[in-house]
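Novice: One structure is given below, represented as structure tokens, and several questions about it will come after.
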Amino acid sequence: MPMDALIALRAAEVGPSDWEALRRAQQMPVMNNGVDVPLRLALVPEGRAGWMGRPGLSGSRGGRDWSPRFEVVELEVDGQPVTVGVHTSGAGSVRVACRDEGAELELELLVELTPQGLLRTRAGVRNLGAEAYQVDELLVALPVPGQARELLDFTGRWTKERQPQRLPLVMGEHRRENRRGRTGADAAHQLCLGTRGFGHAGGAVWAVHTAWSGNHVHYAERVNTGQQVIGGGELLLPGEVILGQGEQYLGPWVYASHGEGLDNVAARFHDWMRARPQHPASARPVTLNVWEAVYFDHRLDKLLELVDRAAEVGVERFVLDDGWFGGRRDDTAGLGDWWVSPQMWPDGLDPLISAVKAKGMQFGLWVEPEMVNMDSDLARAHPEWVMQTGGRLPVESRHQQVLNLAIPQAYAQVRDQLSEILRRYEIDYLKWDHNRDLVDAGSAGSGRPAVHAQTLAAYRLMDELRAVRPGLEIESCASGGARVDLEVLQRTDRVWASDCIDALERQQIDWWTKQLIPPELVGSHIASVPFHTTGRILGLPMRAATAVFGHLGIEWDITQAGPEELAVLKGWIDWHKQHRALLHRGRMVRLDWPDDELRVHGMVDDSGGIFSVAMVAMPGPMGLGLLPLPGLEPEARYRVQVVFGDQIVQLPQAWQAAPIELSGAQLAAGVLRAPVMFTDQVLVVEARRVRAGH
Ligand code: DGJ
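Just so you know, my numbering puts 571 at position 262 of the sequence shown, and the rest follows in order with no gaps.
Right under this line is the structure:
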């Protein structure tokens, strides 16, 4: 399948007369000791063409039909069949069907260029023959010009998600595999390939994201012809997909973005997500989640006190976390039994929900539908519903196992129990957790791997539960931030970025989580100190200034906070509400700064910008540098002032003491003298656009 047409479709400036010229310009030379026809690199690269890199499709019928030669049989542009001479540019979609009659296989390719300039593509393979065809891997790959040689992607672990790693792309393959059965705290997240030293504001960058919440791959590859690709797909376990006659396997969407600098790449993702019909349109409600306030200790009087305090400081959504159901008194029991515990909640959830609603707040409830404790009624009644292979149970993780949602009866039971809860109670929001990696995730009996089916079933379950209660929002949580991907976000409205709520760590985790998803979807809470996962203590300014740039929440037993602290907290919440249109709809800008200790980021729109200037480690040469505030209209003028200054920032400069008026170009150039700051201090700076007559 040739790339020519698709490359032409990407460029808005390409006119019909360029078509043939581009095709010829793209042609590979025939190389000495290479194949005798020009190599044509396809979206699903084919070995038979002489491509010596990884083939897009791997599979066979017991060793036959493993190297198909696909010919285009159907082509559709924007849903209309076309034959020859397609000339189009700008946003649109292409569907290509290709066949290898001899191998009895059909390949379907979908490519969409969105109005926001994001490209997404996926491939499917169908078995046309009577004999079964085993799919081992189906990847899509996109070409990247040879000047891009520097890779950036992400790794991490529980409480330290989305840590960047940079490395050169050398000859061969940089392959990031995920075998966790969930997106993973160490997911590649977004794999970027760019020109040397690319940053947030500059350097050409090409990026991909594999939108899949099960096992998956991101990869970059460079071969000795100088060609290089980035791409991805699902990681299939041995024998996981075997197609009978007429059956199709469809791989996940792989998203791709290109831009000058990482902010530009991120903006395409953000703009596309915001344009989706299901993107939350209402102001993102300030949330209080009770997990770190009470853990499993669900006492109504305490929770009612929390409800009162929450309402007083301006919380708009109150979330009851783990521990309300079945025999769930700690993390060893109860998962799988989705009914309200009569022991903990003798009058049901009504007294709590009524109190929450009486205060005008939304009510949210924690669930973990894909999981089961062996100490549960469900596992006792149906041990065969627990995922397993080799006639043995998988090693436990957080004392739990995985419920095989590919078994229709298991799926129906959890769906029906949760539907009943959703019908019975006025629930606005589910915090949907997933607290373990999938190990030995097969179906009892056959022992065959079932991660693919499990992933699809989880999506279906989310869709079905949303239908039970229209307007229901879902948060994607998985031991913190281990399920952050664009496919789960097609049916969820927020991610819990990390169980680490330590603001210093969140400065980094949130920064990079937003490389893929817009701030209004990133759950970011103000926590109590010492932080439960690090033991560190930070002042309220740093905790709050970090959280207000996301979907704001609180994770703190605020019944223990004093009146002064509550007043300050309320001040931050009020300010966030006043500014959330900009914080949640604006364009994200991040400053490229040579020293790791200073983190400057902001949100800008037509009205101006709000910036966070955070010192996250002890600075070297203090206070002598100049501080650029990027992203504002160069010609426009702005009134700049510090809206929140950490009270221990030393010696305010003139511009900190009183507002100052400067142009966007001047601010971007860095005319502001950087403040003297010590570690853990933060400033929130507002640049309000000055309009004539104001
Ligand atoms: C992991 C989540 O990330 C926490 O916020 C909390 O919901 C616990 N699970 C509950 O078990």
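Think of the CB as a built atom: it goes at the ideal place given N, C-alpha and C, for glycine as much as any other residue.
Does residue 905 come out as helix, strand or coil in the three-state DSSP assignment?
Specialist: Of the three classes helix, strand and coil, the one that applies to residue 905 here is coil, per DSSP.
Novice: Any chance you could list the alpha helix (DSSP H) runs of at least 4 consecutive residues sitting entirely within the stretch 688 to 773, in chain order?
Specialist: As far as the stretch 688 to 773 is concerned, its whole alpha helix (DSSP H) runs of at least 4 residues are 717 to 733.
Novice: From the DSSP output, in three-state form, read off residue 511 for me.
Specialist: Correct three-state label for residue 511: coil.
Novice: Check whether the stretch 537 to 549 and the stretch 441 to 450 are in contact - that is, three or more C-beta pairs closer than 8 angstroms.
Specialist: Yes, the stretch 537 to 549 is in contact with the stretch 441 to 450.
Novice: With contact counted as at least three CB pairs below 8 angstroms, one residue from each stretch, are the stretch 579 to 588 and the stretch 463 to 472 in contact?
Specialist: Short answer: they don't touch.
Novice: Enumerate in chain order the residues of its own chain whose CB-to-CB distance from residue 867 is below 6 angstroms, with the five nearest sequence positions on each side excluded.
Specialist: Answer for residue 867: 618, listed in chain order.
Novice: Should residue 822 be labelled buried (16 or more other beta-carbon atoms within 10 Å of its own) or exposed?
Specialist: Under this definition residue 822 is a buried residue.
Novice: Please return the same chain residues whose Cβ sits closer than 7 angstroms to the Cβ of residue 1005, not counting the five positions on each side in sequence.
Specialist: Nothing can be reported for residue 1005: it is not among the residues displayed for the chain, which extend from 310 to 1003.
Novice: Are at least three pairs of beta-carbons, each pair with one atom in the stretch 735 to 746 and one in the stretch 671 to 682, less than 8 angstroms apart?
Specialist: Because the criterion of three Cβ pairs below 8 angstroms is met, the stretch 735 to 746 and the stretch 671 to 682 touch.
Novice: So, under 8 angstroms CB-CB, residue 941 and residue 918 are touching, yes? Tell me the CB distance rounded to an integer number of Å.
Specialist: Confirmed, about 5 angstroms.
Novice: Is it buried or exposed for residue 862, if we count other Cβ within 10 angstroms and need 16 for buried?
Specialist: Buried, because 16 or more other Cβ atoms sit within 10 Å of the Cβ of residue 862.
Novice: With residue 1025 and residue 935 assumed to form a contact (beta carbons below 8 angstroms), what rounded beta-carbon distance in angstroms separates them?
Specialist: It is not possible to answer for residue 1025, since the shown part of the chain is limited to 310 through 1003.
Novice: Relative to the C-alpha of residue 626, which candidate in 978, 977, 882, 361 has its C-alpha closest?
Specialist: Cα-wise, what sits closest to residue 626 is 882.
Novice: Can you give me the start and stop residues for the beta strand (DSSP E) that residue 578 sits inside?
Specialist: No beta strand (DSSP E) contains residue 578, which is instead part of the alpha helix (DSSP H) from 571 to 584.
Novice: Counting pairs of Cβ atoms below 8 angstroms between the stretch 516 to 529 and the stretch 488 to 506, do you hit three or more?
Specialist: Yes, the stretch 516 to 529 is in contact with the stretch 488 to 506.
Novice: Apart from the five residues on each side of it in sequence, which residues of its chain come closer than 7 angstroms, Cβ to Cβ, to residue 588?
Specialist: Hits under 7 angstroms: 582.
Novice: For the ligand DGJ, is there a heavy atom less than 7 angstroms away from the beta-carbon of residue 809?
Specialist: Checking the Cβ of residue 809 against the ligand DGJ gives no.
Novice: In this structure, how does DSSP classify residue 663 when only helix, strand and coil are distinguished?
Specialist: Residue 663: helix per DSSP, three-state reduction.
Novice: Can you check whether the CB of residue 551 is closer than 8 angstroms to the CB of residue 439?
Specialist: Against a cut-off of 8 angstroms, the Cβ pair of residue 551 and residue 439 comes out as no contact.
Novice: Does the beta-carbon of residue 789, which I'm using as the reference point, lie nearer than 7 angstroms to any heavy atom of the ligand DGJ?
Specialist: Result yes, Cβ under 7 angstroms from the ligand DGJ.
Novice: If we call anything under 8 angstroms between Cβ atoms a contact, is residue 516 one with residue 566?
Specialist: Yes. Within cutoff.
Novice: Under the three-state reduction of DSSP, which class applies to residue 783: helix, strand or coil?
Specialist: DSSP places residue 783 in strand when its eight states are reduced to three.
Novice: Between residue 611 and residue 675, which are expected to be in contact by the criterion C-beta below 8 angstroms, what is the C-beta distance as a whole number of angstroms?
Specialist: That belief does not hold up - the Cβ atoms of residue 611 and residue 675 are roughly 17 angstroms apart, past 8 angstroms.
Novice: Would the stretch 836 to 853 count as touching the stretch 983 to 993 if we require 3 or more Cβ pairs under 8 angstroms?
Specialist: The answer is yes - the stretch 983 to 993 touches the stretch 836 to 853, with three or more Cβ pairs under 8 angstroms.
Novice: Can you tell me the Cα-Cα spacing of residue 785 and residue 800, whole angstroms?
Specialist: Residue 785 and residue 800: Cα-Cα distance of roughly 9 angstroms.
Novice: Buried or exposed: where does residue 965 fall if 16 or more other Cβ atoms within 10 Å of its Cβ makes it buried?
Specialist: With 16 or more other Cβ atoms within 10 Å, it is buried.
Novice: Verify the contact flag: residue 647, CB atom, against every heavy atom of the ligand DGJ, threshold strictly below 7 angstroms.
Specialist: Outside the cutoff, so no.
Novice: Report yes if the C-beta of residue 436 is less than 7 angstroms from at least one heavy atom of the ligand DGJ; otherwise report no.
Specialist: Answer for residue 436: no, Cβ out of range of the ligand DGJ.
Novice: Tell whether a beta-carbon distance below 8 angstroms holds between residue 482 and residue 357.
Specialist: Not in contact: residue 482 and residue 357 (Cβ atoms no closer than 8 angstroms).
Novice: I'd like the span of the beta strand (DSSP E) that includes residue 834, first residue to last.
Specialist: Segment 831 to 836, the beta strand (DSSP E) holding residue 834.
Novice: Can you name, in chain order, every residue of its own chain whose Cβ lies under 7 angstroms from the Cβ of residue 519, other than the five neighbours on each side?
Specialist: These residues qualify, in order along the chain: 525, 526, 527, 541, 542, 561, 563.
Novice: Let me confirm a value: residue 663 is counted as buried when at least 16 other C-beta atoms fall within 10 Å, else exposed. Which label applies?
Specialist: The residue in question, residue 663, is exposed, as its Cβ has fewer than 16 Cβ neighbours within 10 Å.
Novice: Check whether the Cβ of residue 805 lies closer than 7 angstroms to any heavy atom of the ligand DGJ, and answer yes or no.
Specialist: At least one heavy atom of the ligand DGJ is nearer than 7 angstroms to the Cβ of residue 805, so yes.
Novice: Between which two residues does the alpha helix (DSSP H) containing residue 330 stretch?
Specialist: First-last of the alpha helix (DSSP H) with residue 330: 327 to 335.
Novice: Residue 877: which of 820, 622, 809 sits nearest, CA to CA?
Specialist: The candidate whose alpha carbon is nearest that of residue 877 is 622.
Novice: Under 6 angstroms Cβ to Cβ from residue 344, same chain only, skipping five residues before and after it: list those, please.
Specialist: Closer than 6 angstroms at the Cβ level, and outside the excluded window around residue 344, lie 359.
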